[in-house]
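Data first, discussion second: the structure below is written as structure tokens.
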Amino acid sequence: ITTVKRIVISLLMLILPMMVFSQSNDVISEILESSEITYGQVCYLSASAQNLIDDDASYEQAIQVLFDKGQIPELVYKNEPIALANLAYIYAKLWNVKGGIFFRITNGSPRYAFKQLKADELIEKHLDPTTILSGEKALSLYTAGSYFYDNQEIEPIE
């Protein structure tokens, strides 16, 4: 990531709580302090950003809502660390990423969601699909992607 991108990401991290709409400060703090981002935390961010859950919803409720909407392929355990490819998949669904031909053919599979975010320079080149990010880095990716795909007003995916 270039120096300019790092500065932009750093500045956006300062205003992240406002960008993530009205999410609980406790949830954001918990995510920032996490050494490994979990499915529950990522699903909460995505569902909350789409106004699919209330601020006081649980991680389990967020997972269930995204599963019901077809945004995750299976029900997952809330405390399970999420690999970067699966994180990219959930974020790509959130941001309604168009992607390249293989991304579209596979309906944005985790593999091609990861490749697309890497091609868009949101994921660093040296990271592989099995990498587990810290909560801070996952929020940084969330912020950068929201900015990059210009989806400040995210609509629920039907």
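Numbering-wise (the numbering used here), the sequence shown opens with residue 47 and increments by one. Heads up, the beta-carbon is just placed ideally off N, CA and C, and yes, glycines get one too.
Every alpha helix (DSSP H) of 4 residues or more that sits fully in the region 87-161 is shown, in chain order, as 105-114, 130-141 and 147-151. When the five nearest sequence neighbours on each side are left out, the beta carbons in the same chain lying within less than 8 Å of the beta carbon of Gly145 are those of Ala138, Gly154, Tyr158, Ala159 and Gln162, in order along the chain. When the alpha-carbon of Pro119 is set against those of Asn125, Glu126, Asn132 and Gln107, the nearest one is in Asn132. In the DSSP secondary-structure assignment, Thr84 is bridged to Pro127. Annotation for Ala108: Cys89, Tyr90, Ala93 and Ile99 place their beta carbon closer than 6 Å to its own, counting only its chain and skipping 5 residues before and after. It is roughly 5 Å from the alpha-carbon of Tyr135 to the alpha-carbon of Pro156. For Ser80, same chain residues with a beta-carbon under 6 Å away, outside a window of 5 residues either side, are Gly181 in chain order. In the DSSP assignment, Leu187 falls within the alpha helix (DSSP H) that extends over Gly181 to Phe194. For Ile74, the enclosing alpha helix (DSSP H) stretches over residues Asn71 to Glu79.
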